[in-house]
Amino acid sequence: MRGCSNRGMRAMTYARAGDPSVLGLVERAVSEPGPGEVRIRVVVSGVNPTDWKTRSGAFGGGPVEATVPNHDGAGVIDAAGPGVDHLDVGDRVWVTLAGDGRPGSGTAQEFTVVPAARVFPLPAGADFELGASVGIPAVTAHRALTVGDDGPSRLEPEAFSGQTVLVAGGAGAVGNAAIQLARWAGATVIATVSREAKATLATAAGAHHVVNYTDGDAADQVRRIAPDGVDLVVEVAAGANSELDLGVLRPRGTISVYANDGGTPLDLDVRRNMGLNARYQFVLLYTLGWDRIAAAAADINRAIEDGAFRAGEDAGLPLHRYHLEDTGDAHAAVEAGTVGKVLITVAEG
Numbered sequence: 007m008r009g010c011s012n013r014g015m016r017a018m019t020y021a022r023a024g025d026p027s028v029l030g031l032v033e034r035a036v037s038e039p040g041p042g043e044v045r046i047r048v049v050v051s052g053v054n055p056t057d058w059k060t061r062s063g064a065f066g067g068g069p070v071e072a073t074v075p076n077h078d079g080a081g082v083i084d085a086a087g088p089g090v091d092h093l094d095v096g097d098r099v100w101v102t103l104a105g106d107g108r109p110g111s112g113t114a115q116e117f118t119v120v121p122a123a124r125v126f127p128l129p130a131g132a133d134f135e136l137g138a139s140v141g142i143p144a145v146t147a148h149r150a151l152t153v154g155d156d157g158p159s160r161l162e163p164e165a166f167s168g169q170t171v172l173v174a175g176g177a178g179a180v181g182n183a184a185i186q187l188a189r190w191a192g193a194t195v196i197a198t199v200s201r202e203a204k205a206t207l208a209t210a211a212g213a214h215h216v217v218n219y220t221d222g223d224a225a226d227q228v229r230r231i232a233p234d235g236v237d238l239v240v241e242v243a244a245g246a247n248s249e250l251d252l253g254v255l256r257p258r259g260t261i262s263v264y265a266n267d268g269g270t271p272l273d274l275d276v277r278r279n280m281g282l283n284a285r286y287q288f289v290l291l292y293t294l295g296w297d298r299i300a301a302a303a304a305d306i307n308r309a310i311e312d313g314a315f316r317a318g319e320d321a322g323l324p325l326h327r328y329h330l331e332d333t334g335d336a337h338a339a340v341e342a343g344t345v346g347k348v349l350i351t352v353a354e355g
């Protein structure tokens, strides 16, 4: 094993499901990585909706052991176990799905041990806050963008040349990532939002056009931009937006569904969908497979290297910073629907 430690560390954990008050700061031993694993000194931890939903018990059941929250983060490789040949001690990295199936491996702690397959180089010039903002939102957006029959399976400049992408909820973390990646890949990008402040964020992310989906003529506005219809919809509220989506989708277009905000049931109009030869693709990273996640990470890193994928208000993704001891407040902010990216500073970079 390269690198070793007998240190203790601070970690945020919870042992039962509930509101943010179940989170507590504890001292834990620093674990050693086994074969195929690396240990990361976490600098920044990213919070996503899946993190508070898991903690709250919204996904069913409670933890069977003390659990460290948060799947995304960025930091520095501190040690590497046998069989790891593509990462080394001192490498700057980002990690996603750190705690999937590994309750003790979340990123809300000073050190975490994870399979090396979940860890990706952080491009030169990218800071740890950007690294912690990538993970689940960007990989979800990549998957949503690459499932169309007539679209690209990988993203690169001009991959979407001549195509139009509609991003619902363009001010959200996944929406922001989808706008940035689709714009980088050459698509004409239309975003839908609910108010002017969010329109400003979607424009900053790179959307060519922004439509308020609460307008009675929202579908007509989209059709004026894309008379032949949009090629692909990245959808955050499948039930509520179904009528709009069908009104703007071109024949053989795809609706990529990664959430159903608001909970309105998705009732499929079979005849209209058949007439469009529409394709629905549902997106969830937990069952996507690491080969696809690794491919997405490679494309995302290239976009970062090109300066086309960023975080911060000037990129349409305001950052909200907390300290490790305030992880409960960070979770509460995400649960309350804070616009932007919630980050937890764990250590100095």
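According to my numbering, the sequence shown is numbered sequentially starting from 7.
Think of the CB as a built atom: it goes at the ideal place given N, C-alpha and C, for glycine as much as any other residue.
Please read these numbers as outputs of a predicted model, since none were measured by experiment.
What's the gap between the Cα of residue i and the Cα of residue j?
i    : j    : result
Q227 : V263 : 22 Å
A104 : I231 : 41 Å
T260 : D221 : 23 Å
A304 : A150 : 16 Å
F117 : V345 : 28 Å
D320 : R277 : 43 Å
A17  : A301 : 31 Å
R124 : T102 : 6 Å
E146 : V180 : Inspection of the sequence shows that residue 146 is occupied by Thr rather than by Glu. About 7 Å.
P88  : V120 : 13 Å
R327 : H215 : 30 Å
S51  : E33  : 18 Å
T270 : E341 : 19 Å
F134 : E71  : 29 Å
A244 : N266 : 5 Å
A363 : K204 : The structure shown does not extend to residue 363, since the chain is modelled only from 7 to 355, so the question has no answer here.
D94  : W296 : 20 Å
N283 : A174 : 21 Å
F126 : G281 : 42 Å
L325 : D332 : 15 Å
L291 : I142 : 7 Å
From the DSSP output, in three-state form, read off residue i for me.
i    : result
A321 : helix
N218 : strand
F134 : helix
Q115 : strand
H148 : helix
D237 : strand
A281 : Checking the sequence, you will find Gly at residue 281 rather than Ala. In this structure, G281 counts as helix in the three-state DSSP scheme.
A23  : coil
E33  : strand
H337 : helix
V141 : The question names Val, but residue 141 in the sequence shown is Gly. Reduced to three states, the DSSP call for G141 is helix.
D84  : strand
P109 : helix
L207 : helix
E162 : coil
R308 : helix
R61  : helix
E249 : helix
A174 : strand
Going by CA-CA distance only, name the one from the options that's closest to residue i.
i    : options                  : result
N20  : A339, V99, Y286 and A114 : Asn is not the amino acid found at residue 20; the sequence shown has Tyr there. Answer by Cα proximity: A114.
G343 : H148, N54 and G68        : N54
G268 : S27, V242 and E202       : V242
A336 : R13, R47, A183 and P75   : P75
R13  : P26, V28 and E38         : E38
D275 : V50, V173 and L250       : L250
N218 : L31, E202 and L323       : E202
H148 : R308, P109 and D91       : R308
T206 : N182, S27 and D234       : N182
D25  : A338, I310 and T351      : A338
M15  : R298, R45, G40 and V28   : R45
F315 : V140, L290, G30 and V153 : V140
L187 : A353, E311, G334 and S27 : E311
G40  : A122, H92 and L290       : A122
L31  : Q169, L330 and K347      : L330
A353 : S27, A80 and S200        : A80
T56  : D106, G42, V36 and D91   : D106
Give me the DSSP bridge partner(s) of residue i.
i    : result
F288 : V263
H38  : Note that residue 38 corresponds to Glu in the displayed sequence, not to His. The partner list for E38 (beta bridge, DSSP) is empty, contrary to what the question assumes.
D78  : G52
P127 : V99
V17  : Note on residue identity: the sequence assigns Ala, not Val, to residue 17. According to DSSP, A17 bridges with V32 and Q115.
T73  : Y20
R45  : A85 and V119
R327 : L349
T194 : T170
Just to confirm, is the Cβ distance from residue i to residue j under 8 Å?
i    : j    : result
P163 : A130 : no
V255 : V240 : In the sequence on display, residue 255 carries Leu and not Val. Cβ atoms of L255 and V240: not closer than 8 Å.
R47  : V99  : no
A85  : R61  : no
G178 : A211 : no
T198 : L172 : yes
R298 : G154 : no
I185 : V236 : no
T152 : S159 : yes
Within 8 Å of any Cβ in chain D, is that where the Cβ of residue i sits?
i    : result
I306 : You won't find chain D in this structure, because it holds only one protein chain.
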